[in-house]
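The structure appears right after this line, and notes come after that.
Protein chains: 2
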Amino acid sequence: MVTRARASIQRVRPTVLDGRYPARTIAGQPTRISADIVGDSHDLLAAVVRTRRQGTRAWTDTPMAEEGNDHWAAEVVLDPMGPHEFEVVAWIDHVATWCRDVAKKAAADTVEEVDLAVGAALLRARAVQASGPDAERLRRDAEVLTDRRQPIDGRVGTATADDLVVIAARHDPRDHATTSTRSRIQAERERAGFSTWYELFPRSASSEPDTHGTLRDVIDRLDQVASMGFDVLYLPPIHPIGVAHRKGRNNRVTAEPDDPGSPWAIGNADGGHLDIHPQLGTLEDLQALIAACASHGMELALDIAFQCSPDHPWVTEHPDWFKQRPDGSIQYAENPPKKYQDIYPIDFESDDADALWTALKGVFDHWIAQGVRIFRVDNPHTKSFAFWEWCLGELSREHPDCIFLAEAFTRPKVMYELAMRGFNHSYTYFTWRRHKWEIEAYYTELFQTEVADFFRPNSWPNTPDILTDQLQTGQRSMYVQRLVLAATLTANYGMYGPAFELMWSDARPGAEEYLDNEKYEIKRWDVDQPHSLREVIALINRIRHQHPALQQDRTLRFHHIDNDQLTVYSKRVGDDVLLMVVNLDAWQTQAGTTWLDLDELGVDPHEPFEVTDLFGGGTFTWQGAANYVELNPHVTPAHVFHVRTHRRTEADFDPHA
Amino acid sequence: MVTRARASIQRVRPTVLDGRYPARTIAGQPTRISADIVGDSHDLLAAVVRTRRQGTRAWTDTPMAEEGNDHWAAEVVLDPMGPHEFEVVAWIDHVATWCRDVAKKAAADTVEEVDLAVGAALLRARAVQASGPDAERLRRDAEVLTDRRQPIDGRVGTATADDLVVIAARHDPRDHATTSTRSRIQAERERAGFSTWYELFPRSASSEPDTHGTLRDVIDRLDQVASMGFDVLYLPPIHPIGVAHRKGRNNRVTAEPDDPGSPWAIGNADGGHLDIHPQLGTLEDLQALIAACASHGMELALDIAFQCSPDHPWVTEHPDWFKQRPDGSIQYAENPPKKYQDIYPIDFESDDADALWTALKGVFDHWIAQGVRIFRVDNPHTKSFAFWEWCLGELSREHPDCIFLAEAFTRPKVMYELAMRGFNHSYTYFTWRRHKWEIEAYYTELFQTEVADFFRPNSWPNTPDILTDQLQTGQRSMYVQRLVLAATLTANYGMYGPAFELMWSDARPGAEEYLDNEKYEIKRWDVDQPHSLREVIALINRIRHQHPALQQDRTLRFHHIDNDQLTVYSKRVGDDVLLMVVNLDAWQTQAGTTWLDLDELGVDPHEPFEVTDLFGGGTFTWQGAANYVELNPHVTPAHVFHVRTHRRTEADFDPHA
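Right, here's the structure in full:
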């Protein structure tokens, strides 16, 4: 109860909400840790943040510095990947306080013998903690301070020597220190922070007409996908597909005999979540695909969808994992009045939850054992949050290089919940943010609030489930606009191809969905059509790879422009500053005058600076906050400016190289 | 580890930072409690907040309602005064979910027998929890639902009857419920939320010239103070005053023999913090003063200053409570190069901290035993935060009607720290917030962020220590402006009188301090001077007492006006809406056009509404957001409008009555 601690530590960041969940950072990259620290009285404080990998004993101390308004911060680098923890420790530094006060008294010429005696006692106490030259120096200074044979001016000089505080600080016993509550932070691998995803259906990968594609066929597609700059290849579920109540083309209730069914209706006599659909190939084929991806600088991502077709082996082996109805039937998925008789949801209130959780985690374990490390998880918001916290927690400890993307197109708080419980990435509302105010409000919430500590958006302009009215126009300028927004607003983005690059825009009337959806049928894509966006995609991805500013999210800032059809935003890492101007009107030329936050861009208001359009080409010399821009969307809907002041000396980037 | 809980609860409010500290509310008044609550899937949630007085067993449940964006809230009333705690509990309401789904299926005419059988099973399970008519109704409905002899339409009607969900909810077993972490909240008495303070030096209270005033003399002043509408009378320390190093008039280093010394240099041969300065009177006199205050509707507040003059009994009895210097002397207070040899600070790093803490708390105990419940605490930020947390925590448990005001004119985070550790009120930077942007930024931080949960500002335009340059002008319009701001921005405010009401403005050159400061000498005040502000003070305090809107802080909102010298803000409780317009320019007439937030005022944009100036007089009919205002500060620097729409029917207020 009674304590002599005199410092207080509040608002330790990053701490996710009540501290029950870990924050996220990237292993090996600088991570900022901050806190409000106050002490009683005017005595000087010292503070460190101490970090360690969870499960280890030794802490690493990093000194913190005060930044104003009692806010202290330090940058730490967490390595290796995996769960880390940290605490902030603060205490009164009596030597530093004494040195400051003696200096003030010296300036007023009021130093007394007793002031020096106070300091000598403090230095002697530090000397006891020290050894070697430091101990010697502290003892010698203490002697000098109280040596009345020497003139007081010289002794005051000893007290106020610059290096004395530094040496003494190394041996501060940290008496009566205050320690914050402990926070957790997950150090993830680089690709969790920066990645570019491409989704394709392997069964459509054959170059032969009317042929079911295979995992081997996908290997033949890799050259083309890699040439566009993607580094994650994501496949919809590769498991056996249910037969009972199989959906036909265009989601028809009854399938024709040759309809392949939806890959998300998982399980039949050939097996379930641990098996590969025989028409796609074998485990060896999967291994070959994983290896081929690696040789293209890419990585394979699998889709895990925890739901079962009525033919799934679990339905007969573990009927109690599903909700039983009074008539003995199993409850199929419903969104009344819609019925999905081809899918049985898992019942997370099952009395056999132990075995169920173990089996579900076993699905990840199985594919991890095959070498897969990236998973897109289907509809995680219809499964227990507690399950995800446990399952992803275990997996991230055992395999800290795993990345899980939550396919949760749902309400913001639910998406945040899943991120807190362990998902590294989340699909977002990007697709439905079109107006300038929507884009600014959404990304400001994601990157400028506590949300940034745990939530990583992965922006997709389209998915097999989503073809918005904007893209239904088939308008090239609209596709390029959405591409540039996705690729430059967020460090992680992806697309469903080849539908996107070929601007496929056939919609089911009245819906935001593709007509003749690939979910229910095999397609044959002619990816070499001349109107393909492949070169534009390759260009924007090249810019992303060359510019660290686009490989992170936290420095995103919106700038003012006097036209609501134009949005202006910047990203910055050190000297690498990019400034995007996007025309949100896909049909008309729009012009406006910016009011740039020059501080944010690191630009001197009184000096000209250069902006080079890495995307559309051209270099302009600008000065000050107000600069004129004009974009004809049919030429290019966006500028991606590289901002350079004459002060900068780093090599120029040329994405066209 | 494995749980079947499916709801998640985050961001429970009010929770002070990491939940270690209690929030504050007023006993008997509605307190809003909210949380973000999400469930997996689309099943419907139910939630309650449960509250109890700390130390009791039984919880009181209050149902919460969803307000949009997964934010749930409830209003609770916490009674009696003292520490309370609360938790939020949420779970899936399976009956409500089933009722909703049946209604949807009914609309699409797709209800099947098995749907009704599912519901019957749910209702039977609820019936087991219930008794009496509820149990009967649930059983009967379950029978009806599965009675195939009856037509299905009628049975669907049973399933979707409005009251069924309500009855079933009363007997929800709350299976697999999620409970939030526990939060604490202190229910304080009404005067903690709304109070009006008047400070006077009792030694200056005599009506006889050249006479040391007494506590009995203060009784004779009460009529006048009460007539101005004050309800807290605060006295500087009433203890014996030190003789050693006593400061003379105007803080001179050496006192003349008849100089009375500073009341904050506490302790001499007559005693210390438990004693009364003999020239002021006796304990009986104090009791008489306390009783006289009560009969005037007022309450006495004492000043507790934990510091000692060199003559204080503790200095000889407990030298280890003070910092010893190597030469055997005790460290006096310093702010280098300034020295305060008349004051010894307490050393909170003392090895005898146990006895020290007990003795300090004993000072409060002593005066509480005399009937005092309000304390102004001097310089709390130079004492250990942990001490305050313990001391004020114990005291608020033992005497929940105590109110402690922190005299901490220091950095914002330090003021917040003291509030978290237990101070009910805090002096603020009000005095130095003059420009519109400063006022708006400061009070928005105080009342529109988490700070509002634990920090209660008490605004003072002057104190014996502070006479700002604004008030040094002696300009009446400036005094009235600062009075109206203090009295209407914050529910708690006070002044140092009679200096304020008499607009005493003699300043020590170059300082924000009074010349011939009352801290160091006895004054004789002629409070009946004709230029006194007493009537103006009485008026604004009458308005405060008649308008609930001014008796709380959380609804303060600033409105736009196109003149930076005018500030416009409103406060609202239910139908009681006040709108203040203050001219911050004490010399010139200023005019402007408002842009009112009509929603905030509860005003229809298409209907005229009336604003009656309770302060300056006059009634105006306004309409819409834009209204012209003009204030000549020499007539009145402020409007205090009562806003009335024609819809309102409550009796009019007349503060001039």
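Those protein sequence lines, which keep their order, are chains V and C.
In this text, residue positions in the first sequence follow our numbering: the first is 1, and each later residue adds one.
In this text, residue positions in the second sequence follow our numbering: the first is 658, and each later residue adds one.
A virtual CB, placed ideally from N, CA and C, is assigned to each residue, including glycine.
- Counting only runs that start and end inside the region 284-318 of chain V, the alpha helix (DSSP H) elements of at least 4 residues fall at 313-317.
- Note on geometry: alpha-carbon atoms of Arg252/V and Val603/V lie some 59 Å from one another.
- Where Thr158/V is concerned, the enclosing alpha helix (DSSP H) starts and stops at Ile152 to Ala159.
- Leu802/C and Ala816/C have their alpha carbons spaced roughly 7 Å apart.
- Secondary structure of Gln324/V (DSSP, three-state): strand.
- In this chain, the alpha helix (DSSP H) harbouring Ala784/C covers Glu770 to Gln786.
- In the DSSP annotation of this structure, the continuous segment of the alpha helix (DSSP H) that includes Glu1102/C starts and ends at Lys1093 to Gln1105.
- A Cβ-Cβ separation of about 18 Å leaves Phe979/C out of contact with Ile961/C under the 8 Å criterion.
- Note that the region 248-262 of chain V does not touch the region 222-233 of chain V; fewer than 3 beta-carbon pairs, one per stretch, sit closer than 8 Å.
- In the structure shown, the three-state DSSP call for Glu1178/C is coil.
- Secondary structure of Phe1032/C (DSSP, three-state): strand.
- Neighbourhood of Asn1289/C in chain V, by CB distance below 7 Å: empty, with the nearest CB roughly 37 Å away.
- Contact fails between the region 836-850 of chain C and the region 804-811 of chain C, because fewer than three Cβ pairs, one in each stretch, are under 8 Å apart.
- Taking the Cα positions, Asp613/V is about 30 Å away from Phe455/V.
- For Phe1042/C, the enclosing alpha helix (DSSP H) starts and ends at Phe1042 to Glu1055.
- Per the coordinates, the alpha-carbon of Ala1063/C lies some 11 Å from the alpha-carbon of Val1071/C.
- In this chain, the alpha helix (DSSP H) harbouring Thr1145/C covers Arg1133 to Leu1146.
- Taken in chain order, the unbroken stretches of beta strand (DSSP E) that lie wholly in the region 550-622 of chain V and span 3 residues or more are 557-561, 566-573, 576-583, 590-595, 609-613 and 619-622.
- Counting along the chain, Arg24/V sits inside the beta strand (DSSP E) bounded by residues Ala23 to Ile26.
- Residue environment: Trp1182/C is assigned as buried (16 or more neighbouring CB atoms within 10 Å of its CB, all protein chains considered).
- Note: Pro457/V is bridge-paired with Ser426/V in the DSSP secondary-structure output.
- At least 7 Å separates the CB of Val1184/C from every CB of chain V.
- Residue range Ser183 to Glu188 is occupied by the beta strand (DSSP E) that includes Arg184/V.
- Scanning chain C for C-beta atoms nearer than 8 Å to the C-beta of Asn69/V yields Arg1068, Pro1069 and Lys1070, reported in chain order.
- DSSP places Glu407/V in the strand class (E or B) of the three-state scheme.
- In the structure shown, Asn1198/C falls within a helical segment according to DSSP collapsed to helix, strand and coil.
- At a cut-off of 7 Å, the C-beta of Pro337/V has a neighbouring C-beta in chain C.
- In this structure Gly242/V is in contact with Ile266/V, their Cβ atoms being roughly 7 Å apart against a cut-off of 8 Å.
- Burial check for Trp390/V: the Cβ neighbour count within 10 Å reaches 16 or more, so the residue is buried.
- Taking Arg11/V as the centre and dropping the five residues before and after it, the same chain places the C-beta of Ala35 and Asp36 closer than 7 Å to its C-beta, in chain order.
- Contact annotation: Asp1058/C and Arg1078/C have beta-carbon atoms that are not nearer than 7 Å.
- Proximity of chain V to Glu1074/C at the Cβ level (cut-off 8 Å) is accounted for by Ser8, Gln10 and Val38, in chain order.
- Per DSSP, Ser227/V is one residue of the alpha helix (DSSP H) stretching across Leu215 to Ser227.
- Nearest to Leu274/V by C-alpha distance, out of Cys293/V, Ala359/V and Asp506/V, is Ala359/V.
- Beta-bridge pairing by DSSP links Arg644/V to Glu610/V.
- Within 8 Å of the CB of Gly617/V, no CB atom of chain C is found; the nearest one sits about 43 Å away.
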